[in-house]
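Shown next, in structure tokens, is the structure this report addresses.
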Amino acid sequence: VQFAKLRLAGFKSFVDPTELWIEPGMTGIVGPNGCGKSNLVEALRWVMGENSARRMRGGEMDDIIFGGTTARPARNLAEVTVLLENSARTAPGMLADLPEIEVTRRIERGGGSAYRMNGRETRQRDVQTLFADLGTGPQSSSLVSQGRVGAIINAKPEERRGLLEEAAGIAGLHARKHEAELRLRAAEQNLTRLDDVITTLE
Ligand code: ATP
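In this text, residue positions in the sequence shown follow my numbering: the first is 2, and each later residue adds one.
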């Protein structure tokens with residue numbers, strides 16, 4: 002699976018719809034200070050499910066929406082789409098047969114954000130699991146931002162294990178395990194409730 006295209010609108014300094022093709026191999030972004038290089042990388046992290054406003058360099062998530070300049074009014078909507086090319090058919094699970102997977106995240110001021118996968122509404126958890134299965138994600142070590150190298154050197158052992166697990170491609174399994182545990186707990190609660198009902202009836 003290849004990242005093929007990134008589309009932004011209303012996201013931080015990218016107020017007008019902007020499309021970027023991502024070619025195979027390594028991608029570098031160059032430009033003068035403040036031109037929006039970090040914003041592009043943040044857009045990619047955001048669409049993969051980043052849910053910490055602080056890690057998006059903001060006080061709250063709405064801060065990623067274009068906040069206006071002296072020349073242009075603020076927007077109330079931001080949207081980022083990433084197009085994944087799956088011609089090798091290596092996407093996980095039910096996505097394996099799709100030639101392309103398009104993931105979109107949209108946020109409305111005061112209204113929170115929502116995700117779509119190939120046009121269909123999707124839970125954040127499913128988007129995060131998809132990227133974890135692909136060996137990447139909002140906090141992936143393959144996105145190297147300023148200060149990251151030092152952060153890895155100073156990381157706690159558990160954090161460093163997280164990086165190794167991501168590299169080994171097992172981060173997705175953890176997400177699945179967590180979800181299975183939540184379902185198990187819900188089922189257990191239903192059973193307990195059922196026991197109560199039976200006791201009442203007896
Ligand atoms: P540097 O090389 O200095 O790190 P950079 O190219 O990485 O810079 P960014 O940090 O991506 O640049 O972009 C910063 C610009 O984005 C600033 O001009 C800032 O005003 C603008 N910006 C950030 N958030 C918003 C927002 N919500 N609305 C409008 N502009 C924003």
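Beta carbons are placed, not taken as given, at the ideal position from N, Cα and C, and that holds for glycine.
Residue closest to residue i, alpha-carbon to alpha-carbon, out of the options
{"i": "Ala97", "options": "Ala152, Leu135, Leu202, Glu203", "result": "Leu135"}
{"i": "Thr28", "options": "Gly170, Ala176, Ser143", "result": "Ser143"}
{"i": "Val81", "options": "Thr91, Arg110, Leu9, Leu164", "result": "Leu9"}
{"i": "Glu101", "options": "Ser114, Arg110, Met118", "result": "Met118"}
{"i": "Ala168", "options": "Thr91, Val128, Phe132", "result": "Phe132"}
{"i": "Thr137", "options": "Thr71, Gly50, Gly111, Pro74", "result": "Gly50"}
{"i": "Leu99", "options": "Asn40, Val2, Thr201", "result": "Val2"}
Whole-angstrom distance between residue j and residue i, CA atom to CA atom
{"i": "Gly37", "j": "Ala188", "result": "47 Å"}
{"i": "Phe4", "j": "Leu84", "result": "6 Å"}
{"i": "Ile154", "j": "Ser141", "result": "15 Å"}
{"i": "Val16", "j": "Asn87", "result": "29 Å"}
{"i": "Pro25", "j": "Ile171", "result": "24 Å"}
{"i": "Gly208", "j": "Ala54", "result": "The displayed coordinates of the chain run from 2 to 203. Any statement about residue 208 would go beyond what the structure contains."}
{"i": "Arg186", "j": "Gly32", "result": "50 Å"}
{"i": "Glu109", "j": "Asp63", "result": "8 Å"}
{"i": "Lys178", "j": "Arg184", "result": "10 Å"}
{"i": "Arg90", "j": "Gly120", "result": "20 Å"}
{"i": "Val42", "j": "Glu160", "result": "21 Å"}
{"i": "Lys157", "j": "Leu195", "result": "44 Å"}
Local conformation of residue i per DSSP, three classes
{"i": "Gln140", "result": "coil"}
{"i": "Arg194", "result": "helix"}
{"i": "Thr200", "result": "helix"}
{"i": "Leu78", "result": "strand"}
{"i": "Leu7", "result": "strand"}
{"i": "Gly113", "result": "strand"}
{"i": "Ile23", "result": "coil"}
{"i": "Ala42", "result": "At residue 42 the sequence reads Val, which differs from the Ala that was named. In the structure shown, Val42 sits in a helix (DSSP, three-state: H, G or I)."}
With 16 other Cβ atoms within 10 Å as the buried cut-off, status of residue i
{"i": "Arg46", "result": "buried"}
{"i": "Glu61", "result": "exposed"}
{"i": "Ala92", "result": "buried"}
{"i": "Ile65", "result": "buried"}
{"i": "Asn191", "result": "exposed"}
{"i": "Ala181", "result": "exposed"}
{"i": "Ala75", "result": "exposed"}
Cut-off 8 Å between Cβ atoms - residues of its own chain near residue i, not counting five sequence neighbours on either side
{"i": "Trp22", "result": "Ala5, Lys6"}
Same chain only: Cβ atoms within 7 Å of residue i, ignoring 5 sequence neighbours per side
{"i": "Ala115", "result": "Arg107, Glu122"}
{"i": "Thr130", "result": "Gly173, Ala176, Arg177"}
Cβ neighbours of residue i in the same chain (closer than 6 Å, five flanking residues each side left out)
{"i": "Thr105", "result": "Thr82, Arg117"}
{"i": "Ala44", "result": "Leu9, Phe12, Val81"}
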